[in-house]
Structures are given as C-alpha cells and as structure tokens.
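Below is one structure; the comments refer to it alone.
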Amino acid sequence: MLFKLKKKQPERQRVSVIIISYNNESQVAKCLDALRQQTVSPHQMILVDTGSKDRSYLEKYREECYVIEAEPHCGFCVGNNLGYLAVDPEADAVLFLNPDAFLFPDFLENGARYLSHHTDVGAITGLTLGYDFEMKKPTGFVDTTGIFSTWYGKWYDRGQGSIYEPVNSPGHGDIPAICGAVFLGRKKALDQTRINREVMDSRYFMYKEDIDLSLRLLKKKWKLRYVPELKAYHCRGWKKNRKEMPRQYRLYSARNELRVNWGRKHLIGSLYSLTKYLTVKVFNC
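Just so you know, full-length UniProt numbering puts 167 at position 167 of the sequence shown, and the rest follows in order with no gaps.
Here it is as structure tokens:
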C-alpha cells in the first residue's frame, strides 16, 4: 500500500508591528483596534512616540504594546529605528505601520502566509485605500498600490487619487518600492540592509525613506511584491496643493528625492530633483 506524503507546510510567520506616533492619539486608537481584530494576532506591537504634546495617552497601551518615548522631534526614521531595536529576535517579519493606517482583519494572516510561501520576497504591501478620518469613512479612492518612478526620476504612488474599481485594480507583481505607511518586511531581509544598526537611514528624517529602504532591499537581491489581497486604509496627510504643506516638509521631500536619485546614479533624476529642491528653497513653490 502506498502512502502519499503530505507536503510540509511553511511555519506561520511571527509579525512584529512598529507604529510611530506624533500627536496621533486618536488615529493610534483606531490603528490598534484594527490590529486587535486581526484573524492572526501580531507577535508584538511596538508604539514609538516621537514627541507628542501630551504623552499621557500612552499609559493605556503599556500592557499590550512595548511603548517607547523617544526624544521629541527626532523624526520618523529615528522613531522606526528605535522601534526596530525593540523587535523580538524571534520575529520573522516586521510591519512598519503608520498610525493613520488601518488594516483589514485578514492582513497579517495573509501577509504572513505569503512570506512563508515566497522565500525570495523581502517585503510586500497591498491595496491601500483612502480614508477620511474626520468623516469616518473610506474616500472611495486609491491611496497607493506601490511606488514607481518616471523616466525622469519623479517617484509617485501608483493609482493615487484614482477611483477604486476592483476590476481595474492591478494584480500581483514586483514593484520598484513600497510605501512606508504599510510596509511588511521579512526580518532576515531587513537585517541585511541595516547601516550602522539603522534599518531606515536617519539622514532622511521623514519622506522618501521608504524608497531608500526599498532600493537597499533590491540591491541585496530581494524582491518587492504587490499583493492585492492585502488591504488597508490610509488617511494620507500629504495635500494636493503643495503650498498648503509646511515649507520644511516640502524641502525634506525634495531633498530626499534628490538623495535617492543621486544614490542610484540617475543623472536625469538628480537634475530633476535638484531643480525641484531649488524651486522650493528659493521660490517657496
């Protein structure tokens, strides 16, 4: 009698979640509530406050989260690096999650399963849809399905601002970069990209650090994958009218895009980004 051997199933991935908060008390509450409702619980939740005016809200989360009170105004990158240092060495994957990003209930289960079955993939993201926090409802628009670059070096979120239509939504595929709002990385891969113990380059402070991390993963021969079954909402803070954003934020974005393009030796992209940076610096546009 012949017995059919069962194929060995990959072990379930243990996912640690890092959330950075800066005056995001109300969003953090909804973000954590979405994590509590996951079909597979996070292995670990790390909440890093980078200088909120009132930090008393952290007290109610100390039992379920590893809470870090960082130096005020240290920046998004430093906050994530502090959080990463607190990740359990036994974790298999790390989810960098914005406080204003809310996961669908099966996100962690599907994400962990995908990483288990695709060992050449270093990081994944999914369909991120817009959410109006004040109105407490989805916007009906796409927030991001991955980050791409034009031939002249402008980086952008694919599909952002378009009406969400499931039939026209992109399928599985490798992508050039992943938005840091919902960035699920294999810990082994992330460890290989670290520079001076930093998983995110602190020189970026904020903006485009996700692209830099993505490019470092690609350089290490890891694949970045868009998985549409992974869904989340995101209340994007960047405004359509750039002048409504603080000048310093626009300078960070333009400067960091220049750093990204220069680092990948993209001459046209570097010239484009330098022009954009000088336009903000000189003309405040």
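Think of the CB as a built atom: it goes at the ideal place given N, C-alpha and C, for glycine as much as any other residue.
A distance below 6 Å between beta-carbons, with the five flanking residues on each side excluded, links ARG14 to the following residues of its chain, in chain order: HIS43, ALA91 and ASP92. Closest in alpha carbon position to GLU63, among CYS77, LEU47 and PRO72, is LEU47.
With contacts defined by Cβ atoms closer than 7 Å, PRO105 and GLN38 form a contacting pair. When secondary structure is reduced to three states using DSSP, PRO166 falls in the helix class. Taking 3 residues as the minimum length, the beta strand (DSSP E) runs contained wholly in the UniProt domain "Glycosyltransferase 2-like" (16-136) are 44-49, 66-69, 93-97, 101-103 and 121-132, in order along the chain. DSSP lists THR128 as the bridge partner or partners of THR144.
For ASP201, the three-state secondary structure derived from DSSP is coil. Counting of Cβ neighbours within 10 angstroms places GLY122 among the buried residues, the total reaching 16 or more. A straight line joining the alpha-carbon of ILE163 with that of GLY140 spans about 6 Å. A straight line joining the alpha-carbon of ASP49 with that of ILE68 spans about 6 Å. Taking one beta carbon from each stretch, the stretch 266-282 and the stretch 148-159 have 3 or more pairs nearer than 8 Å; the two touch. Rounded to the nearest whole angstrom, the C-alpha separation of PRO99 and ARG264 is 30 Å.
Within the same chain, and ignoring the five residues on either side of LYS223 in sequence, the residues whose Cβ sits closer than 7 Å to its Cβ are ASP120, VAL121, GLY122 and ASP174.
VAL17 is not a Cβ neighbour of LEU82, given a cutoff of 7 Å.
Across the structure, TYR131 and HIS117 are spaced so that their CA atoms are roughly 31 Å apart. Here DSSP, grouped into helix, strand and coil, assigns TRP222 to coil. Taking all protein chains shown into account, ASP33 has fewer than 16 neighbouring C-beta atoms within 10 Å of its C-beta and is therefore exposed. In the DSSP annotation of this structure, the continuous segment of the beta strand (DSSP E) that includes ARG186 starts and ends at 182-186.
Annotation: the continuous alpha helix (DSSP H) that includes TRP262 extends over 247-263.
Looking from the CA of GLY111, the closest CA among PHE76, ARG186, GLY161 and ARG158 belongs to ARG186. CA-CA distance, LEU103 to ASP201, rounds to 26 Å. Of TYR156, LEU190, PHE76 and ALA181, the smallest CA-CA separation from LEU97 is found for ALA181. In the pairwise beta carbon analysis, the stretch 66-80 is classified as touching the stretch 49-58: at least three pairs are separated by under 8 Å. Note: GLY173 is bridge-paired with TYR226 in the DSSP secondary-structure output.
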